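Down below is the structure, laid out as structure tokens.
Protein chains: 4
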Amino acid sequence: MQAGSLYYHFSSKDEIFDEVLSTGMRNIHEKVAHAVQLLGENATHRERIECAMKAHLELLLMKREYYAPASRVLVHAPEPLVSRHREFRHEYGKLWDRLLQDAQKAGEIRKEIKIVPLRMLILGALNWTLEWFDVEHYPIDKFVQQISTTVFDGAKAAATAPARSVRRSAR
Amino acid sequence: MQAGSLYYHFSSKDEIFDEVLSTGMRNIHEKVAHAVQLLGENATHRERIECAMKAHLELLLMKREYYAPASRVLVHAPEPLVSRHREFRHEYGKLWDRLLQDAQKAGEIRKEIKIVPLRMLILGALNWTLEWFDVEHYPIDKFVQQISTTVFDGAKAAATAPARSVRRSAR
Amino acid sequence: MQAGSLYYHFSSKDEIFDEVLSTGMRNIHEKVAHAVQLLGENATHRERIECAMKAHLELLLMKREYYAPASRVLVHAPEPLVSRHREFRHEYGKLWDRLLQDAQKAGEIRKEIKIVPLRMLILGALNWTLEWFDVEHYPIDKFVQQISTTVFDGAKAAATAPARSVRRSAR
Amino acid sequence: MQAGSLYYHFSSKDEIFDEVLSTGMRNIHEKVAHAVQLLGENATHRERIECAMKAHLELLLMKREYYAPASRVLVHAPEPLVSRHREFRHEYGKLWDRLLQDAQKAGEIRKEIKIVPLRMLILGALNWTLEWFDVEHYPIDKFVQQISTTVFDGAKAAATAPARSVRRSAR
DNA sequence: CATGAATGAGGGTTCATTCAT
DNA sequence: CATGAATGAACCCTCATTCAT
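Residue numbers (our numbering), protein chains in the order written: chain P, 1 to 171; chain Y, 1001 to 1171; chain R, 2001 to 2171; chain B, 3001 to 3171.
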């Protein structure tokens, strides 16, 4: 296909951006929602969240050629498009917030944990994989499991000598 | 300053990239190392790690105008430059690995936790803030504290009913 | 036509150089070959050579706007292109050498005359016209005739008193 | 020396051109005049002309790094400079014309030969060497001798069967 | 006298876009 | 629908020139 031919289907590059970006966002949203739904009602909330992580990460890394540029390119798009995209992201964020809130309500996540920062922590860790994760040499599942373990169970050693005891200095 | 003026100081756009990218990397490395060192010997490992998070995040977000484009631009740089940059990242990664390993040796992080994925989780969460964090409306410290709490202590509710026990049927 | 438009047809300035230079060379080669061929079999070798001179000179000077820059520009072209061009020149040189050799074999040029320097003498004289010849004020034919007379018959006075004998004082 | 430093000595690039081009012209003029003069009064006119050819060619090819660009660059210079340079060339041309005319007056060159075209023929052949002559593999003297032989004695075979006899067709 | 630094015009090139076919 | 061709703005870069020191 020649460059000029695009303009029969789209009226500008930004319109293509729009199409492409929202498709990407929609795909990830749908895949994650679908994967979680497939788990059925009997899964624990933690299982659902791990399932969401896995679905998100898999799509991201399997379609890396698509998602890596897309995330870089968004910033150059014109404002109306960026807003629309933020909408989508926001919708998608709500999906995660629901997952996390449900877990919290069910007692699988502590009350003191704030949902939004937790969501950003998780999605940040997941999205950043585009910059470094090597699918060839490390299984996606394993990384998901490690995030889950760290985030849910915590990295801290079992409560022997409380690290707290030392002085809590510096700003 | 006019576009042409740059070429007195640099011989090509890529050389500017190189300078800019490596300066950015060096600055962050130095700032984090320096901040941790200032803590002194009496700090717990967790405190050192929180301090590193804070230093990293502060530089990233205070010089956002610099770091946001830089992270997007790297991919367009010519290979030799990208390699050099990976070196720097690697060096910086080792700084974090040392912090985390020391914590693990000191018993502040569980033996089962793998250091590299943990580092990637933390740095991913930190770096991704460039995409969403709003310095005006939320204090950096607080986000650092939340990451730390989640990552160290875990998001899981206190060990009353083990989440695992819930498992019944699953899909 | 705008500058940018060229890049639909060529991928770089050097490619344009290449096209332009080789077309120029090809045209001159073809025109000269064709003109000589049109002369038919009955022409003397001298006539053929004069005809080649005329064809060469006419194209050069009628398309001066093209050939004058082209000859200046070649030196700035990248090596592979320069080599290719030397090939063409070499081919063209062989055309002249054939004309001259045939004349020599037929006894129209003395045995002692070396063909290559003779060719370079003639082509040098012809090509240098780009620097000075004024088509408006002097007929091309006449210059060709003068070159021919000089080169074939020699500028020397008829062999009455051998030039050597003249040696007296002079200046 | 830095680029800017030139502007203490010259006020523009064209002024440097001017200096450089006229120096080049002057040098060649002087060298040729001097060489001919050194020959003394007893030389034949042909010897003087050969000597001029040799001096011209030697300077041109020994200082090729200078003369080759100079001849290409002249055309890009501003009009006043080009005019001045034409003056110099003209002066130099007169030197040659004198040599040739003297030879003609002395009977060493036939009356029918026109001096100016002859001069242009000779200088064209000499100057064009910048484009092809390989000093490493061929002696300058020998080429001079060959030009001289061709131009003075003519390339034509001794008058046996007059080439003329054939029909003088075409054109 | 020389240099370091800046400037701005212009050249080579890319790229989003347009348009006739 | 698609293509070949052209456009013009913008980018990277060079180079003649200027100027303060």
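Ideal Cβ positions, reconstructed from N, Cα and C, are used throughout, including at glycine.
Since this is a predicted model, take the numbers as computed values, not measurements.
Per-residue burial, residue i [other beta carbons within 10 Å of its own, 16 or more giving buried]
{"i": "Glu41 (chain P)", "result": "exposed"}
{"i": "Arg2171 (chain R)", "result": "A caution first: Arg2171 (chain R) carries a pLDDT of 40, below 50, which makes its placement in the model too unreliable to give a value."}
{"i": "Pro2139 (chain R)", "result": "exposed"}
{"i": "Asp2018 (chain R)", "result": "buried"}
{"i": "Thr3129 (chain B)", "result": "buried"}
{"i": "Tyr3008 (chain B)", "result": "exposed"}
{"i": "Trp1132 (chain Y)", "result": "exposed"}
{"i": "Ala3003 (chain B)", "result": "exposed"}
{"i": "Lys3108 (chain B)", "result": "Lys is not the amino acid found at residue 3108 (chain B); the sequence shown has Glu there. Result: buried."}
{"i": "Lys3094 (chain B)", "result": "exposed"}
{"i": "Ala2103 (chain R)", "result": "buried"}
{"i": "Lys2156 (chain R)", "result": "buried"}
{"i": "Ser3165 (chain B)", "result": "Confidence at Ser3165 (chain B) is low in this model, with a pLDDT of 41, below 50, so the placement of that residue should be treated as unreliable; the coordinate-derived value is given next. The residue is exposed, with fewer than 16 neighbouring Cβ atoms inside 10 Å."}
{"i": "Pro2117 (chain R)", "result": "buried"}
{"i": "Met1120 (chain Y)", "result": "buried"}
Residue-level contact to chain P via CB, residue i, 8 Å cutoff
{"i": "Ala1155 (chain Y)", "result": "yes"}
{"i": "Pro1139 (chain Y)", "result": "no"}
{"i": "Arg1026 (chain Y)", "result": "no"}
{"i": "Gly1004 (chain Y)", "result": "no"}
{"i": "Arg1167 (chain Y)", "result": "Unreliable placement is indicated for Arg1167 (chain Y), whose pLDDT of 41 sits below 50; the coordinate value is still reported in the next sentence. True, the Cβ-Cβ gap to chain P drops below 8 Å."}
{"i": "Arg1072 (chain Y)", "result": "yes"}
Chain Y contact for residue i (CB, 8 Å cutoff)
{"i": "Pro78 (chain P)", "result": "no"}
{"i": "Ala125 (chain P)", "result": "yes"}
Within-8 Å CB hit, residue i to chain R
{"i": "Phe3152 (chain B)", "result": "yes"}
{"i": "Val3144 (chain B)", "result": "no"}
{"i": "Trp3128 (chain B)", "result": "yes"}
{"i": "Lys3114 (chain B)", "result": "yes"}
{"i": "Ile3016 (chain B)", "result": "no"}
{"i": "Val3082 (chain B)", "result": "no"}
Residue i versus residue j: straight-line alpha-carbon distance, rounded
{"i": "Ser22 (chain P)", "j": "Leu2081 (chain R)", "result": "48 Å"}
{"i": "Leu2123 (chain R)", "j": "Trp3096 (chain B)", "result": "21 Å"}
{"i": "Val2135 (chain R)", "j": "Thr2150 (chain R)", "result": "21 Å"}
{"i": "Ala125 (chain P)", "j": "Phe143 (chain P)", "result": "10 Å"}
{"i": "Ala3173 (chain B)", "j": "Arg1026 (chain Y)", "result": "Residue 3173 (chain B) is absent from the model: chain B starts at 3001 and stops at 3171."}
{"i": "Lys111 (chain P)", "j": "Asp153 (chain P)", "result": "15 Å"}
{"i": "Arg3084 (chain B)", "j": "Tyr3092 (chain B)", "result": "13 Å"}
{"i": "Ala1070 (chain Y)", "j": "Leu1057 (chain Y)", "result": "15 Å"}
{"i": "Ala2043 (chain R)", "j": "Ile2113 (chain R)", "result": "22 Å"}
{"i": "His2029 (chain R)", "j": "Ser5 (chain P)", "result": "42 Å"}
{"i": "Ser3011 (chain B)", "j": "Arg2072 (chain R)", "result": "27 Å"}
{"i": "Gln146 (chain P)", "j": "Met1062 (chain Y)", "result": "31 Å"}
{"i": "Ser1148 (chain Y)", "j": "Asp1141 (chain Y)", "result": "10 Å"}
{"i": "Pro78 (chain P)", "j": "Val20 (chain P)", "result": "14 Å"}
{"i": "Lys13 (chain P)", "j": "His1090 (chain Y)", "result": "37 Å"}
{"i": "Lys105 (chain P)", "j": "Ile115 (chain P)", "result": "11 Å"}
Cutoff 8 Å; reference residue i; Cβ partners in own chain excluding five residues on either side
{"i": "Leu99 (chain P)", "result": "Val36, His45, Arg48, Ile49, Ala52"}
{"i": "Leu3060 (chain B)", "result": "Ile3028, Tyr3067, Leu3126, Asn3127, Thr3129, Leu3130"}
Own chain, CB closer than 6 Å to residue i, minus 5 neighbours either side, in chain order
{"i": "Glu2015 (chain R)", "result": "none"}
Close-in-space but distant-in-sequence residues of the same chain around residue i (CB under 7 Å, 5 per side omitted)
{"i": "Arg3064 (chain B)", "result": "Leu3130"}
{"i": "Ala55 (chain P)", "result": "Lys31, Val32, Ala35"}
{"i": "Leu1039 (chain Y)", "result": "Glu1047, Arg1048, Cys1051"}
{"i": "Arg86 (chain P)", "result": "none"}
{"i": "Gly24 (chain P)", "result": "Tyr66, Tyr67, Ala70"}
{"i": "Leu2074 (chain R)", "result": "Leu2021, Val2082, His2085"}
Chain B contact for residue i (CB, 8 Å cutoff)
{"i": "Trp2132 (chain R)", "result": "yes"}
{"i": "Met2120 (chain R)", "result": "yes"}
{"i": "Arg2110 (chain R)", "result": "yes"}
{"i": "Val2032 (chain R)", "result": "no"}
{"i": "Arg2098 (chain R)", "result": "no"}
{"i": "Val2190 (chain R)", "result": "Coverage of chain R is limited to positions 2001 through 2171, which leaves residue 2190 (chain R) absent and any answer about it impossible."}
{"i": "Ala2158 (chain R)", "result": "yes"}
beta-carbon residue i near the ligand ZN non-hydrogen atom, thresh 7 Å
{"i": "Gln2037 (chain R)", "result": "Summarising the ligand content, the structure contains no ligands, and the ligand ZN is consequently not present."}
- Note down, one range per segment and in chain order, each beta strand (DSSP E) of at least 3 residues found wholly within the stretch 1077-1127 of chain Y. none
- Task: Identify every run of the alpha helix (DSSP H) within the stretch 4-89 of chain P, keeping only runs that are complete inside it and at least 4 residues long; order them along the chain.
- Result: 6-9, 13-38, 45-62, 64-73
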